[in-house]
Amino acid sequence: LAKTTQPISMDSYEGQEVNITCSHNNIATNDYITWYQQFPSQGPRFIIQGYKTKVTNEVASLFIPADRKSSTLSLPRVSLSDTAVYYCLVGVGTGRRALTFGSGTRLQVQP
Amino acid sequence: EAGVVQSPRYKIIEKKQPVAFWCNPISGHNTLYWYRQNLGQGPELLIRYENEEAVDDSQLPKDRFSAERLKGVDSTLKIQPAELGDSAVYLCASSSPWGQLNTEAFFGQGTRLTVV
């Protein structure tokens, strides 16, 4: 399974855009990139998934360059409720069913 | 639709005692996961089921941990005997059948185990 590397923590203020980058140099051809969000005392929650280029939903955008060796989760205009840990996972998708979590990025949003 | 249901939510036991966790996945989800999450760390996979078959249990400490999913629906995870280092949050998750486009996993709220 591809190993992922992401910053341990990030700080932001309400209303700002937050970009969290994840490195996954050994991503395989069939691998998808998935991001989960986890609040304290809750299980992780799916945010977004992509394979290449750009994916956008009502919560976030995911940017994936052509070489797919990294990806960037973009959270527009964060609020205090976006304070959470964000995990980048690689490998979910056709033929790959394991979910391997790293240590995640702890995002702290301040007023 | 109900999400993944886990019980109990909290459990405190003395070391060397047995403990069991129960998980009811989302209806129709044939993939079920058990994870352990230590404080400040990401979830660590213990075991993954496809229907009633354990297809990945390489990270399950088999000397004291066991799991079952007899009818391919509910699952239980057992620890016997528990050790102090087993204190963690145990998470259950489920996902839709392999091959479907939406392969996101849905997690329960977890069971927080404290071994004293």
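Chains as they are written, first to last, in the numbering used here: chain A, 94 to 204; chain B, 10 to 125.
Note that CB positions come from ideal geometry on N, CA and C, so glycine has one too.
Between Gln142 (chain A) and chain B, is there a C-beta pair that is closer than 8 Å? yes
Alpha carbon to alpha carbon, how far is Asn33 (chain B) from Arg73 (chain B)? Give it in angstroms, no decimals. 22 Å
Between Val124 (chain B) and Lys24 (chain B), what straight-line distance do the alpha-carbon atoms span, to the nearest angstrom? 6 Å
Compare the beta carbon distance of Tyr19 (chain B) and Thr40 (chain B) with 8 Å and say whether it is the shorter of the two. no
Phe74 (chain B): contacting residues in chain A (beta-carbon distance under 8 Å): In chain order: nothing, as chain A lies at least about 18 Å away.
Can you name the residues that DSSP bridges to Ala114 (chain B)? B:Ser104
I believe Ile47 (chain A) touches Val183 (chain A) by the beta-carbon criterion, under 8 Å. Please report the beta-carbon distance rounded to the nearest angstrom. Only positions 94 to 204 of chain A appear in the structure, and residue 47 (chain A) is not among them; the question remains open.
Lys147 (chain A) bridges to which residues according to DSSP? A:Phe156
What does DSSP give as the partner residue(s) for Leu182 (chain A) in the beta ladder? A:Thr127
Under 8 Å, Cβ to Cβ, is there at least one residue of chain B near Leu155 (chain A)? no
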